[in-house]
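Below you'll find the structure, written out as structure tokens, and then a few comments.
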Amino acid sequence: MSEALTMRTATPADAALITHQRRAMFAEVRPDIAAETFDAMDINFLAWVRTKLENGTYLGWFYVNESTVEVVAGAGLWLMEWPPHMVDVNPVRGYILNVYTDPNYRGRGLARALTQTCVDYCRAQGIKMVTLHASPFGKPIYDKMGFEQSNEMRMNLG
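Here is the structure:
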């Protein structure tokens, strides 16, 4: 039997839930990382996401199981201040992050639908550039949606 799921938007009261889903996502992708490292990430991320939720630069959406009221999937959109560029003069870019689906609810298109909600929000706001970092699990979804590899490079100074 298929449960009825409803999408809802995140509020500042969801900061701990977003932090929990983020940790679950990273722990699944990187089981080699020590719990203490995740603990430090959680403490710092919780403060960061709470502030961003309060000032409206982090938006989030969840799928909720109507019968259990359990949040079963979520995704976030960070509205990043960005210098105007020849590709897009808008000083805001969308960054999709924290896309997570509970293992018991995978394969139902929830991650794709949440990601599409983020993309649709950006399009409605006139934001032309949306980026994300894909896990091995998410990459096939994002490829099918039209996301492309970019020429971004990075250097870890830590």
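The number in the numbering used here is simply the position in the sequence shown, starting from 1, with 568 added. All residues carry an ideal CB built from backbone N, CA and C; glycine is no exception. As the structure is a computational prediction, the values presented were derived from the model and not from experiment.
Assigned secondary structure, residue i (DSSP; H/G/I helix, E/B strand, else coil)
{"i": "A595", "result": "helix"}
{"i": "E716", "result": "coil"}
{"i": "E649", "result": "strand"}
{"i": "L725", "result": "coil"}
{"i": "A729", "result": "Lying before the first or after the last residue shown, residue 729 is absent from the chain, which here runs from 569 to 726."}
{"i": "V687", "result": "helix"}
{"i": "A643", "result": "strand"}
{"i": "V698", "result": "strand"}
{"i": "T587", "result": "helix"}
{"i": "T579", "result": "coil"}
{"i": "R676", "result": "coil"}
{"i": "D656", "result": "coil"}
Sub-8 Å separation of residue i and residue j beta-carbons
{"i": "A639", "j": "L585", "result": "Reading off the sequence, residue 639 comes out as Val, not Ala. Yes, the Cβ-Cβ distance between V639 and L585 is below 8 Å."}
{"i": "A679", "j": "V687", "result": "no"}
{"i": "A578", "j": "F630", "result": "yes"}
{"i": "T619", "j": "L647", "result": "no"}
{"i": "A641", "j": "T605", "result": "no"}
{"i": "E571", "j": "N633", "result": "yes"}
Expected contact under 8 Å - CB spacing of residue i and residue j to nearest Å
{"i": "D656", "j": "M697", "result": "5 Å"}
{"i": "N658", "j": "I601", "result": "Between I601 and N658 the Cβ distance is about 35 Å, and since that is not below 8 Å, they are no contact."}
{"i": "V660", "j": "E649", "result": "6 Å"}
Nearest neighbour of residue i, chosen from the options [CA to CA]
{"i": "T683", "options": "T605, I601, R661 and G628", "result": "G628"}
{"i": "L665", "options": "N658, L645 and L725", "result": "L645"}
{"i": "T574", "options": "Y626, A681 and I601", "result": "A681"}
{"i": "P651", "options": "M713, T587 and G662", "result": "G662"}
{"i": "R598", "options": "P708, I709 and S703", "result": "S703"}
{"i": "D610", "options": "A641, V637 and R591", "result": "R591"}
{"i": "D582", "options": "S635, A603, A643 and E596", "result": "A643"}
{"i": "P580", "options": "A608, Y710, V617 and E596", "result": "V617"}
Start-to-end residues for the alpha helix (DSSP H) that takes in residue i
{"i": "I664", "result": "Here I664 belongs to no alpha helix (DSSP H); instead the beta strand (DSSP E) covers V660 to T669."}
{"i": "F705", "result": "Note, F705: premise wrong, no alpha helix (DSSP H); not H, not E."}
{"i": "D610", "result": "A603 to N623"}
Beta strand (DSSP E) segment containing residue i, residue limits
{"i": "V632", "result": "Y626 to N633"}
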